[in-house]
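Listed in order, the protein sequences are those of chains Y and C. Its first residue numbered 1, the first sequence is counted upward by one per residue in the UniProt record's numbering. Its first residue numbered 1, the second sequence is counted upward by one per residue in the UniProt record's numbering. The beta-carbon is built from N, C-alpha and C at its ideal position, and this holds for glycine as well.
2 protein chains.
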Amino acid sequence: MAQRDTGTEQLIKDTAKRIFFSVGKLHATTQDIADAAGVNRTLVNYYFRSRDILFEQVAEEARAEMSEQLESVFSAKIEFKEKVQRLITVFMDQAIKFPYREMYVVTAFKRTDKTVPDEKKNRIKKFLAEIKEEMELGRIKKMDPRQFLMNLFSLMAYPLITTCINKSLYNINDKEYLKLMQERKQLIFDMIYQ
Amino acid sequence: MAQRDTGTEQLIKDTAKRIFFSVGKLHATTQDIADAAGVNRTLVNYYFRSRDILFEQVAEEARAEMSEQLESVFSAKIEFKEKVQRLITVFMDQAIKFPYREMYVVTAFKRTDKTVPDEKKNRIKKFLAEIKEEMELGRIKKMDPRQFLMNLFSLMAYPLITTCINKSLYNINDKEYLKLMQERKQLIFDMIYQ
DNA sequence: TTGTAGTTTAACAAAAATGTTAAACATAAT
DNA sequence: ATTATGTTTAACATTTTTGTTAAACTACAA
Numbered sequence: 001m002a003q004r005d006t007g008t009e010q011l012i013k014d015t016a017k018r019i020f021f022s023v024g025k026l027h028a029t030t031q032d033i034a035d036a037a038g039v040n041r042t043l044v045n046y047y048f049r050s051r052d053i054l055f056e057q058v059a060e061e062a063r064a065e066m067s068e069q070l071e072s073v074f075s076a077k078i079e080f081k082e083k084v085q086r087l088i089t090v091f092m093d094q095a096i097k098f099p100y101r102e103m104y105v106v107t108a109f110k111r112t113d114k115t116v117p118d119e120k121k122n123r124i125k126k127f128l129a130e131i132k133e134e135m136e137l138g139r140i141k142k143m144d145p146r147q148f149l150m151n152l153f154s155l156m157a158y159p160l161i162t163t164c165i166n167k168s169l170y171n172i173n174d175k176e177y178l179k180l181m182q183e184r185k186q187l188i189f190d191m192i193y194q
Numbered sequence: 001m002a003q004r005d006t007g008t009e010q011l012i013k014d015t016a017k018r019i020f021f022s023v024g025k026l027h028a029t030t031q032d033i034a035d036a037a038g039v040n041r042t043l044v045n046y047y048f049r050s051r052d053i054l055f056e057q058v059a060e061e062a063r064a065e066m067s068e069q070l071e072s073v074f075s076a077k078i079e080f081k082e083k084v085q086r087l088i089t090v091f092m093d094q095a096i097k098f099p100y101r102e103m104y105v106v107t108a109f110k111r112t113d114k115t116v117p118d119e120k121k122n123r124i125k126k127f128l129a130e131i132k133e134e135m136e137l138g139r140i141k142k143m144d145p146r147q148f149l150m151n152l153f154s155l156m157a158y159p160l161i162t163t164c165i166n167k168s169l170y171n172i173n174d175k176e177y178l179k180l181m182q183e184r185k186q187l188i189f190d191m192i193y194q
């Protein structure tokens with residue numbers, strides 16, 4: 001049987017990803033996505049059967065991609081300090097590309113009463129232990145390791161979620177904002193690690 | 001003419017506020033809100049004419065309330081350090097009550113191409129100058145004052161936006177999470193101010 | 001060339017959400 | 001008690017979004 005693969009299925013997924021996670025239209029319709037992809041809306045149903053299935057697949061793929069990237073950092077046999085450095089680079093680059101991904105996850109969370117996957121729970125649990133160890137060695141300020149993690153992710157994620165507001169607030173364009181975000185990588189490290 | 005005022009109009013607004021900003025159902029329908037308020041959906045149209053007008057009013061009232069609270073902090077004739085302290089208290093208490101308010105603003109921003117009100121722009125401009133001054137006095141670490149502001153608001157807002165994920169991630173209940181958030185007030189001050 | 005199977009489209013159907021109307025209801029003033 | 005007026009409700013209409021179907025289209029192979 002001829003597998004023709006016109007790339008349409010992937011195009012729809014990529015477009016949905018862009019609309020949700022980059023553009024931030026959290027309640028885009030199938031028509032919105034089809035228009036943005038330049039295809040007939042019916043193709044969404046042809047390839048994915050329903051809107052919900054498309055959304056589910058897009059979210060799952062994004063989660064997997066992120067998970068893979070973080071895993072490579074967390075499992076690396078390197079010093080904690082170096083790990084934090086790499087984590088900031090990896091996460092910030094992702095957050096620059098997909099600033100609204102976490103927001104999408106939160107809203108999806110509320111609709112479907114999802115739970116955090118064990119994979120993530122375990123990864124975080126191990127990292128919390130490393131944080132605690134680093135604190136006991138006096139290398140970072142002592143506090144609840146969960147607060148440390150929240151600080152780190154807050155500093156990385158929030159300025160990107162609020163990009164549109166900040167650009168308007170500070171009267172700056174995309175290029176300048178991107179520069180600010182790149183500068184943040186070092187700045188966050190300095191704030192966290194001292 | 002008899003102004004009867006059964007409180008229904010306010011009830012609908014308060015309920016919408018709760019659903020959007022506290023519960024975080026960013027795309028709740030008029031039916032959702034009517035159900036939560038325990039009133040007939042038609043009353044939404046009776047009091048507000050349209051769904052959009054209700055949403056607009058709710059957002060505007062929330063903005064005004066926040067603006068008022070922040071203004072009282074920013075315009076106070078007190079030392080910068082004290083100002084930061086108060087800002088954290090005021091903002092965190094609001095964020096605990098309405099964790100999704102900022103997220104709602106962001107998504108509304110994208111739909112309507114709004115702009116940050118001049119009132120807010122001016123307030124921030126003045127505060128940025130104060131931050132710069134404090135840095136020049138060597139009282140806080142030197143950096144782009146905008147980064148300082150982003151740090152501050154990130155640390156306050158993000159953990160509340162991601163409440164549902166964090167509760168699942170750390171296996172904790174509302175009470176424990178609230179405690180973490182209360183502890184953050186001092187912790188954020190210590191991180192920012194040194 | 002013709003048949004096959006995947007792909008695309010338009011027309012239609014169904015469901016969900018919003019908006020309108022008229023009548024029922026309730027309360028305060030006359 | 002009656003009237004007037006604001007409030008609430010149910011039934012209906014409209015719009016928006018989603019899902020289905022059958023036919024048209026296209027590339028490839030026999």
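Within 8 Å of any Cβ in chain C, is that where the Cβ of residue i sits?
i, result
"Y:S22", "no"
"Y:I19", "no"
"Y:T30", "no"
"Y:K175", "no"
"Y:I124", "yes"
"Y:L87", "no"
"Y:K132", "no"
"Y:K112", "Reading off the sequence shown, one finds Thr at residue 112 of chain Y, where the question assumed Lys. Judged by the 8 Å Cβ criterion, Y:T112 is not in contact with chain C."
"Y:M135", "no"
"residue 199 of chain Y", "Only positions 1 to 194 of chain Y appear in this structure, which leaves residue 199 of chain Y out of reach."
"Y:K142", "no"
"Y:E119", "no"
"Y:R4", "no"
"Y:T115", "yes"
"Y:S67", "no"
"Y:R101", "no"
"Y:L11", "no"
Between residue i and residue j, is the Cβ-Cβ spacing less than 8 Å?
i, j, result
"Y:N151", "C:L155", "yes"
"Y:F20", "Y:L11", "no"
"Y:I165", "C:V106", "yes"
"Y:A62", "Y:K17", "yes"
"residue 200 of chain C", "C:R146", "Summary: the structure shown does not reach residue 200 of chain C, with chain C confined to residues 1 through 194, and so no result is reported for it."
"Y:I188", "Y:I96", "no"
"C:Y158", "C:K81", "no"
"Y:L169", "C:V73", "no"
"Y:G24", "C:K110", "yes"
"C:M103", "Y:M66", "no"
"C:T8", "C:Y47", "yes"
"C:M191", "Y:M92", "no"
With 8 Å as the threshold, decide whether the Cβ of residue i is near any Cβ in chain Y.
i, result
"C:I161", "yes"
"C:A157", "yes"
"C:R146", "yes"
"C:M92", "no"
"C:L169", "yes"
"C:L187", "yes"
"C:S50", "no"
"C:F98", "no"
"C:K25", "yes"
"C:V39", "no"
"C:F55", "no"
"C:F74", "no"
If you drop the 5 nearest sequence neighbours on each side, which residues of the same chain put their C-beta closer than 6 Å to that of residue i?
i, result
"Y:A28", "I19"
"Y:F148", "I131"
"Y:Q69", "V90"
"Y:T15", "I33, A36, A37"
"Y:R51", "T30"
"Y:Q186", "none"
"C:K114", "none"
Got a sec? Which residues, its chain only, sit under 7 Å from residue i by beta carbon, not counting five neighbours each side?
i, result
"C:T163", "P99, Y177"
"Y:V84", "F189, I192, Y193"
"C:A2", "Only weak support exists for where C:A2 lies, its pLDDT of 48 falling under 50; the coordinates are left without a value."
Excluding the 5 residues preceding and the 5 following residue i in the sequence, name in chain order all residues of the same chain whose CB lies nearer than 8 Å to its CB.
i, result
"Y:K13", "L54, Q57, V58, E61"
"C:S22", "K97, F98, P99, Y100"
"C:N171", "none"
Is any heavy atom of the ligand PLP found at a distance shorter than 7 Å from the C-beta of residue i?
i, result
"C:R184", "Among the ligands in the structure shown, none appear at all, so the ligand PLP cannot be discussed."
So within the segment 34–76 of chain C, which uninterrupted alpha helix (DSSP H) runs reach at least 4 residues, ignoring any that extend past its ends?
42–48, 51–74
Between the segment 165–178 of chain Y and the segment 118–129 of chain Y, do at least 3 Cβ pairs fall closer than 8 Å?
no
Contact between the segment 54–68 of chain C and the segment 136–147 of chain C: three or more CB pairs below 8 Å?
no
Which complete alpha helix (DSSP H) runs does the segment 73–114 of chain C hold, if anything under 4 residues is left out?
80–97, 101–112
Curious, which full-length beta strand (DSSP E) runs of at least 3 residues does the segment 115–186 of chain C contain?
none
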